[in-house]
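Colleague: Chains as they are written, first to last, in our numbering: chain A, 321 to 637; chain B, 42 to 336. All residues carry an ideal CB built from backbone N, CA and C; glycine is no exception. Here the structure is a predicted model, which means the values were calculated and not measured. What follows is a single structure, and I will ask about it in a moment.
Shown next, in the form of structure tokens:
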């Protein structure tokens with residue numbers, strides 16, 4: 321909780337106020353509000369996946385499964401059972417977190433590619449469970465969900481997600497997670513409970529994915545199992561990798577760029593995916609660490625002032 | 042549930058399973074050599090099916106269509122490897138994996154733009170005739186062709202991998218890339234050959250799949266691709282006989298589940314369930330050996 325933290329909060333609150341004023345003044349039409357909500361949901365998804373993939377180094381590609389749990393559980397609670405949205409939101413998040421726990425434990429023995437495949441399989445199984453369940457509408461999904469979320473909901477939930485995840489990452493626990501990413505065996509030897517941190521990463525990541533699912537279900541009126549397939553998981557993964565694994569700012573920037581690209585190419589759907597995949601391939605070939613993968617923004621500022629903290633690379637201004 | 046019914050399901054399962062096995066071979070060979078899950082492999086399968094579609098429309102018979110599809114897919118596989126994966130030879134695994142996903146999206150959507158998203162009916166190049174083996178057990182000509190194609194291609198592959206120079210090079214590179222390079226093996230061309238062979242097999246699988254389920258569309262490779270991948274993991278990814286056994290086993294289990302009344306929609310779920318169980322209890326697959334990690 322330093323000066324930089326409060327400055328960040330202040331700037332984002334100002335941003336929120338300006339956008340809220342523009343919405344109230346009806347200067348921003350529905351298209352822009354939809355895009356902003358979409359951006360927020362994607363940021364929550366990407367930042368939470370980054371905790372698992374980027375910081376803990378556990379290659380998970382089943383994030384859409386957790387998202388669908390949040391979406392379905394919350395939608396069942398508000399639409400079928402008549403509970404209030406805040407309660408449904410919390411239950412959706414918790415259900416997804418429990419799923420993260422269930423998936424986290426058995427798959428912890430797996431590493432790298434094998435873990436990726438297992439999480440992909442789990443994501444698909446969750447989707448197939450929804451697909452085969454008539455209570456939640458089978459392939460057609462649930463419709464007629466009330467629109468409860470709006471820009472304010474989305475903004476504050478994004479803010480909470482980013483603050484919570486940033487705080488985890490900057491804490492002792494975050495350091496432990498990064499050490500697991502760097503070298504599991506060495507981390508274990510240093511007395512870090514590797515299993516515990518992997519599970520924590522999975523549970524927290526799933527919790528926020530569930531949150532994103534719940535708010536998207538209560539914004540776009542309907543949910544269907546088909547929208548939570550592995551393509552969706554890939555999409556989230558691409559946000560993370562393009563922005564830069566293990567950099568929250570990078571992930572946010574990557575998500576914003578790709579979501580905007582997607583929205584503005586909406587009129588040419590055939591070419592949209594081609595442009596998208598070419599960007600993906602070219603970024604991986606020419607900038608494999610992602611756009612902001614090894615760029616530390618604060619260091620850039622410091623270097624400009626000529627004062628490098630770590631010494632060694634001092635350049636005369 | 043009579044004995045005849047079980048045998049019938051077994052025949053049906055083996056014929057779809059052998060298609061999975063053909064695709065799984067490509068996954069397994071590529072994984073064995075450069076440790077990459079080639080997500081674009083399922084899309085090579087769709088290109089093969091379309092090549093077969095155009096060849097069949099042009100009046101070519103089954104064998105010529107099959108060979109043409111294999112050649113086109115082999116070239117496509119080498120192109121993909123050279124353009125997308127080769128620049129990343131020393132990059133992190135996740136980077137290559139993401140690139141593979143990108144290539145997969147690219148092929149699918151190029152397919153949608155050039156060929157249209159609509160499914161096309163595959164011309165009838167094999168007349169379907171059904172033979173009764175005994176009682177209620179039948180086998181049709183298409184199932185026989187699928188099996189024959191699989192067996193022949195497997196035999197050829199086995200010969201190439203174990204009896205030829207390029208096969209020896211492939212085994213050497215997959216065992217230890219650096220040592221193989223030091224021994225004077227051209228690693229790049231060996232990897233290209235692996236991609237060519239794997240993709241050609243996927244192309245052949247695409248044609249026989251389209252003959253069996255007579256319809257082609259640009260997204261047709263996604264699900265068989267994933268299933269074949271499950272098959273490769275089931276048998277032990279990187280192990281060639283494993284891909285065959287995994288493919289057949291998956292085909293049989295799937296057909297079995299599908300034939301139970303009320304369970305047909307769970308077919309894909311069962312495939313992924315098997316995947317998870319295998320990964321948890323025997324991550325290296327049925328044929329894999331456990332390798333202890335050295336510190």
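Would residue 635/A be called buried (16 or more neighbouring beta carbons within 10 Å of its own) or exposed?
Modeller: Here residue 635/A refers to the residue found at position 315 when the first chain is read from its first residue. With a pLDDT of only 39 at residue 635/A, under 50, the local geometry of the prediction cannot be trusted, and no value is derived from it.
Colleague: If you drop the 5 nearest sequence neighbours on each side, which residues of the same chain put their C-beta closer than 8 Å to that of residue 316/B?
Modeller: Along the second chain, one-based indexing puts residue 316/B at 275. Excluding residues within five positions, the ones whose Cβ falls inside 8 Å are 271, 274 and 275.
Colleague: Residue 508/A to residue 465/A, Cα distance in whole Å?
Modeller: Translated into the one-based positions of the first chain, residue 508/A becomes position 188. Translated into the one-based positions of the first chain, residue 465/A becomes position 145. Distance between the alpha carbons of residue 508/A and residue 465/A is about 47 Å.
Colleague: So for residue 174/B, helix, strand or coil by DSSP?
Modeller: Taking the first residue of the second chain as 1, we reach residue 174/B at position 133. Strand at residue 174/B.
Colleague: Would you kindly check if the distance between the Cβ of residue 600/A and the Cβ of residue 143/B is under 9 Å?
Modeller: On the second chain, position 102 is the one that residue 143/B refers to. On the first chain, position 280 is the one that residue 600/A refers to. Contact: yes.
Colleague: What's the call for residue 345/A, buried or exposed, on a 16-neighbour Cβ count within 10 Å?
Modeller: For the purposes of this step, residue 345/A is identified with residue 25 of the first chain, where counting begins at 1. Counting Cβ neighbours within 10 Å, residue 345/A comes out exposed, since fewer than 16 surround it.
Colleague: Would you say the segment 345 to 365 of chain A touches the segment 501 to 520 of chain A, given that touching needs at least three Cβ pairs under 8 Å?
Modeller: Verdict: no, contact absent.
Colleague: Measuring alpha carbon to alpha carbon, tell me which of 53/B, 309/B and 128/B ends up nearest residue 605/A.
Modeller: For the purposes of this step, residue 605/A is taken as the residue at position 285 of the first chain. If we check each option's Cα against that of residue 605/A, 128/B comes out closest.
Colleague: At 9 Å on the CB atoms, spell out the chain A contacts of residue 150/B, in chain order.
Modeller: One-based indexing of the second chain puts residue 150/B at position 109. Correct list: 590, 591, 592, 593, 594, 596 and 597.
Colleague: Closer than 9 Å, Cβ to Cβ, to anything on chain B: give me those residues from the segment 551 to 569 of chain A, in chain order.
Modeller: 551, 554, 557, 558, 561, 562 and 565
Colleague: Evaluate residue 491/A with the Cβ neighbour count: other Cβ atoms within 10 Å of its Cβ, from every protein chain shown; 16 or more gives buried, anything less gives exposed.
Modeller: The residue given as residue 491/A occupies position 171 in the first chain. Residue 491/A is exposed by the Cβ-count criterion.
Colleague: Since residue 125/B meets chain A, which of its residues come closer than 7 Å, beta carbon to beta carbon?
Modeller: For the purposes of this step, residue 125/B is taken as residue 84 along the second chain, with counting starting at 1. Result: 601.
Colleague: Just curious, the alpha helix (DSSP H) that residue 90/B is in, first and last residue?
Modeller: Residue 90/B sits at position 49 when you count from the first residue of the second chain. For residue 90/B, the enclosing alpha helix (DSSP H) starts and ends at 82 to 98.
Colleague: Indicate whether the contact test is met: 3 or more Cβ pairs, each with one atom in the segment 523 to 536 of chain A and one in the segment 380 to 399 of chain A, closer than 8 Å.
Modeller: yes
Colleague: Does any residue of chain B bring its CB to less than 9 Å from the CB of residue 545/A?
Modeller: Counting from 1 along the first chain, the entry for residue 545/A is found at position 225. Output row for residue 545/A: interface = no.
Colleague: Within its chain, find whatever has a CB closer than 7 Å to the CB of residue 140/B; leave out the 5 residues flanking it on each side and keep chain order.
Modeller: Within the second chain, the letter at position 99 stands for residue 140/B. The answer, listed in chain order, is 125, 126 and 129.
Colleague: Alpha carbon to alpha carbon, how far is residue 153/B from residue 243/B? Give it in angstroms, no decimals.
Modeller: As a first step, residue 243/B is located in the second chain; it is residue number 202 there, counting from the start. As a first step, residue 153/B is located in the second chain; it is residue number 112 there, counting from the start. Roughly 20 Å between the two C-alpha positions.
Colleague: Would you mind telling me which residues of chain B sit closer than 7 Å to residue 434/A, beta carbon to beta carbon, in chain order?
Modeller: Position 114 of the first chain, counted from the start, is the residue given in the question as residue 434/A. Going along chain B in sequence order, the residues near residue 434/A (Cβ under 7 Å) are 320 and 324.
Colleague: Identify the contact partners of residue 379/A in chain B, using a Cβ-Cβ distance below 7 Å as the criterion.
Modeller: To locate residue 379/A, count along the first chain from 1; it is residue 59. Neighbours of residue 379/A across chain B, judged by C-beta separation under 7 Å: 135.
Colleague: Report the rounded CA-to-CA distance for residue 374/A versus residue 405/A, giving the unit in angstroms.
Modeller: Translated into positions along the first chain, residue 374/A becomes position 54. Translated into positions along the first chain, residue 405/A becomes position 85. Residue 374/A and residue 405/A: Cα-Cα distance of roughly 31 Å.
Colleague: I'd like to know whether the C-beta of residue 604/A is nearer than 9 Å to at least one C-beta of chain B.
Modeller: Residue mapping note: residue 604/A aligns to position 284 of the first chain, counting from 1. Taking Cβ atoms only, chain B reaches closer than 9 Å to residue 604/A, which makes this a yes.
Colleague: Verify whether the separation of the beta carbon atoms of residue 645/A and residue 377/A is less than 9 Å.
Modeller: Nothing in the structure corresponds to residue 645/A, since chain A is present only between 321 and 637.
Colleague: Verify the CB distance criterion: does residue 271/B have a CB-CB separation below 9 Å to chain A?
Modeller: Position 230 of the second chain, counted from the start, is the residue given in the question as residue 271/B. Yes, its Cβ sits closer than 9 Å to a Cβ of chain A.
Colleague: So residue 150/B is in the alpha helix (DSSP H); what residue range does that whole segment cover?
Modeller: Locating residue 150/B in the second chain gives position 109, counting from the first residue. It spans 134 to 156 - the alpha helix (DSSP H) in which residue 150/B sits, taken as one unbroken run.
Colleague: In chain order, what residues of the same chain lie with their CB nearer than 6 Å to the CB of residue 93/B, ignoring the 5 residues before and after it?
Modeller: If you number the second chain from 1, residue 93/B lands on position 52. Around residue 93/B, the same chain offers 106, 110, 248 and 251 as residues with beta carbons nearer than 6 Å, after the five sequence neighbours per side are excluded.
Colleague: Among the candidates 292/B, 66/B, 138/B and 54/B, whose CA atom is the shortest distance from the CA of residue 562/A?
Modeller: The sequence position of residue 562/A within the first chain is 242, counting from 1. If we check each option's Cα against that of residue 562/A, 138/B comes out closest.
Colleague: Report the three-state DSSP secondary structure of residue 468/A (helix, strand or coil).
Modeller: Walking along the first chain from the start, residue 468/A turns up at place 148. Note: residue 468/A maps to coil in three-state DSSP.
Colleague: Under the rule that 16 or more other beta-carbon atoms within 10 Å means buried, what is residue 451/A, buried or exposed?
Modeller: Here residue 451/A corresponds to residue number 131 of the first chain, with the count starting at 1. Classified as buried, residue 451/A has 16 or more neighbouring CB atoms from the shown chains inside 10 Å of its CB.
Colleague: Might you give, ordered along the chain, the residues of its own chain that have their beta carbon closer than 6 Å to the beta carbon of residue 481/A, omitting 5 neighbours on each side?
Modeller: Residue numbering aside, residue 481/A sits at position 161 when the first chain is read from its first letter. Cβ-Cβ distances below 6 Å link residue 481/A to 364, 367 and 528 in the same chain, with the five nearest sequence neighbours on each side left out; the list follows chain order.
Colleague: From the DSSP secondary-structure annotation, give me the bridge partner or partners of residue 179/B.
Modeller: Position 138 of the second chain, counting from 1, holds the residue named residue 179/B. BP columns for residue 179/B point to 173/B.
Colleague: From residue 629/A to residue 476/A, what does the alpha carbon distance come to, in whole angstroms?
Modeller: Walking along the first chain from the start, residue 629/A turns up at place 309. Walking along the first chain from the start, residue 476/A turns up at place 156. With a pLDDT of 44 at residue 629/A, under the threshold of 50, the modelled position of this residue cannot be trusted; read the value that follows with caution. If I take the Cα positions, the gap works out to 35 Å.
Colleague: Quick check: the Cα distance between residue 264/A and residue 568/A, rounded to an integer number of angstroms?
Modeller: A query on residue 264/A cannot be resolved here, the shown segment of chain A reaching from 321 to 637 and no further.
Colleague: So, using beta-carbon positions, are residue 329/B and residue 281/B closer together than 9 Å?
Modeller: Stepping through the second chain from its first residue, residue 329/B is reached at position 288. Stepping through the second chain from its first residue, residue 281/B is reached at position 240. No; because the gap between Cβ atoms is not below 9 Å, this pair is not in contact.
Colleague: CB residue 210/B to CB residue 118/B, shorter than 9 Å?
Modeller: Your numbering for residue 210/B matches position 169 in the second chain. Your numbering for residue 118/B matches position 77 in the second chain. For residue 210/B and residue 118/B, no; Cβs fall outside 9 Å.
Colleague: Do the segment 283 to 301 of chain B and the segment 47 to 58 of chain B meet, that is, are 3 or more Cβ pairs less than 8 Å apart?
Modeller: Segments in contact, yes.
Colleague: Taking the beta carbon of residue 497/A as the centre, do at least 16 other beta carbons fall within 10 Å, making it buried, or is it exposed?
Modeller: Taking the first chain and counting its residues from 1, the one referred to as residue 497/A is at position 177. By the neighbour-count rule (16 or more Cβ atoms within 10 Å), residue 497/A is buried.
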